[in-house]
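Number 3 in our numbering belongs to position 15 of the sequence shown; there are no gaps in the numbering.
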Amino acid sequence: MHLKDPKIVAALPHLGVLLRQRTCLAELTSLGIGGTTDLLSITKYEAIAELLNLLDAQDVPHKFLGGGSNLLVGDGELPWVVLQLASPELDIVLEGNFAQVDAAADLGRTVTFCAKNDLGGMEGLIGVPGTVGGALRMNAGAYGMQIGSYVRQVKLYRAATRKMETLEGDQISFEYRHTSFAADDMMLAVKLELPSKPYREILKGIRICNEKRRASQPLGQKSAGCIFKNPPGASAGRMIDELGLKGLNVGGARVSDRHANFFVNSGKASAKDMLQLIADVRERVEKSFGVILEHEVVVWNA
Ligand code: EPU
């Protein structure tokens, strides 16, 4: 969608919004798939409400983009604009065992920055691409830990009330790859409480997780991580593997040879290819195991 309304375009600089016209989302997603639309980069959180009011008044649909690492975006000209928080220079501030982190901060950088300051707990998240806001929204986790365990406070913009709100940790529920945030809540910042640990010890844990990940996941390839959630008590990757589906492809979309729950863009995959592959695999798993797999990847296809 291309913003043409002169009223909106003229107002953006005053709201601290940088307009990047006709941005190709394939370049902003780890899958390397996605069409084009205008991207609005937000530098002033205080102006978010005014920005959204302006867009709504002119009937401009929008979506919030985090780090684009768990996302499958549709092809072609997209029917909505995308809002993204610009990362401030100082995105992590430490105070004792607390880390105040901006939602736009890179997750891996946050884990290592805290580690260097003797704050651990998040070792498992090393190697998980994306922003802290994205990790928070879906309660990212790996190797026995999840980010929600360390969340003490979240600052967010609530589209439903059109207000910035601060939630305490116990007002939010964090479950397996699921949280109580609404789909249109926009994460702004989080306060984490992390256990003290010597850097050297944290580094050991980080190295172990890195090794495990390198051995089992297709890290150098374009993917969105795991495509499906694990059903209770089972592994989606193992089920897909048992059906012999590694290497199955639709156009440039392919089930990874290394981990069957990772679908990679092995060439010029379109969203259509990837969605077809997801549907085919889902159908085969249902037929053979009677299990309906739920998407873990977020799909923006309309
Ligand atoms: N397995 C196979 N074949 C495969 C893949 C896995 O047989 O192709 C088997 C493994 O041998 C193992 C079991 O399935 O016995 C589980 O596999 P793995 O340890 O790789 O974990 P996972 O359940 O597939 C989950 C998360 C990952 C996270 C890892 C490590 C989900 C959907 N996936 O994968 O998270 O990195 O554990 O903790 O919960 C993500 O969320 O995008 C993601 C990659």
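Idealized CB from N, CA, C, for every residue including glycine. On a predicted model such as this, the values are computed, not experimentally measured, just so you know.
Exposed is the label assigned to Y164, since fewer than 16 other Cβ atoms lie within 10 Å of its Cβ. At least one heavy atom of ligand 1 is found less than 7 Å from the C-beta of H247.
Sorting I160, G136, G208 by C-alpha distance to the C-alpha of E181 places G136 at the top.
Here DSSP, grouped into helix, strand and coil, assigns A222 to coil.
The alpha carbon of D261 has as its nearest neighbour, out of Q88, V81, G20, the alpha carbon of G20. If you ignore the 5 residues before and after G193, its C-beta comes within less than 6 Å of the C-beta of E111, all in its own chain and listed in chain order. Between G62 and G122, the C-beta spacing is not below 8 Å. The three-state secondary structure of K(-8), taken from DSSP, is coil. Boundaries around S276 are those of the alpha helix (DSSP H), 259 to 277, since no beta strand (DSSP E) includes it. Distance check between V139 and each of A147, A148, D158 places D158 closest, using alpha-carbon atoms only.
Take the alpha-carbon of H247 and the one of T100: they are about 26 Å apart.
When the five nearest sequence neighbours on each side are left out, the beta carbons in the same chain lying within less than 7 Å of the beta carbon of Q205 are those of R246, H247, F250, in order along the chain. The closest heavy atom of ligand 1 lies 7 Å or more from the beta carbon of G109. Spatial neighbours of Q141 in its own chain (CB-CB distance under 8 Å, excluding positions within 5 residues in sequence) are listed in chain order as T154, L155, E156, G157, V178, K179. Residue pairing for Y145: DSSP places it in a beta bridge opposite M152, M174. By the Cβ test, the region 206 to 220 is not in contact with the region 229 to 241, since fewer than three Cβ pairs between them sit closer than 8 Å. In the DSSP annotation of this structure, E83 is not part of any alpha helix (DSSP H); the continuous beta strand (DSSP E) holding it starts and ends at 80 to 83.
Take G208, set aside five residues on each side of it, and no residue of its chain has a beta-carbon closer than 8 Å to its own. Taking 7 Å as the cut-off, one finds no heavy atom of ligand 1 near enough to the beta carbon of A203. For D90, the enclosing beta strand (DSSP E) begins and ends at 86 to 90.
Within the model, the alpha-carbon separation for A148 versus S168 is close to 14 Å. Counting of Cβ neighbours within 10 angstroms places A222 among the exposed residues, the total staying below 16.
P117 and D94 have their C-alpha atoms roughly 8 Å apart.
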